[in-house]
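Residue numbers (the working numbering): 178 to 245.
A virtual CB, placed ideally from N, CA and C, is assigned to each residue, including glycine.
This report concerns only the one structure given below.
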Amino acid sequence: MYSITSILDNKIEKGIEGNLERVLQTLETTLSNLYDVSQQMSFEGFVGQDMLIDPKMVEFTTYTGLPT
Numbered sequence: 178m179y180s181i182t183s184i185l186d187n188k189i190e191k192g193i194e195g196n197l198e199r200v201l202q203t204l205e206t207t208l209s210n211l212y213d214v215s216q217q218m219s220f221e222g223f224v225g226q227d228m229l230i231d232p233k234m235v236e237f238t239t240y241t242g243l244p245t
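Now the structure itself:
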């Protein structure tokens with residue numbers, strides 16, 4: 178009886194650990210992607226450079242973030 182409980186506990190624990198590893202990997206990938214996008218959106222990035230080329234694009238948001 179004790180060995181069956183121990184085996185089941187180990188299976189559950191390994192399953193949870195495996196799931197957490199997958200969640201961690203997905204979260205790290207998501208954060209990396211967000212970082213890449215934020216760099217592209219900065220003034221030094223692709224979008225930022227486009228905004229510098231076209232001055233009309235710089236005035237597209239107000240403090241509230243809504244188009245002006």
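- Mind checking if E221 is an interface residue toward chain D, Cβ cutoff 8 Å exclusive? Although the question refers to chain D, the structure presented lacks it and comprises just one protein chain.
- Bounding residues of the alpha helix (DSSP H) (the contiguous stretch that carries E190): Y179 to M218
- Item | G192 versus L204 - alpha carbon distance | 18 Å
- Which term fits T245, buried or exposed, when burial requires 16 or more other beta carbons within 10 angstroms of its beta carbon? For T245, the predicted structure reports a pLDDT of 49, less than 50, and the residue's modelled location is therefore unreliable. The matter cannot be settled from this model.
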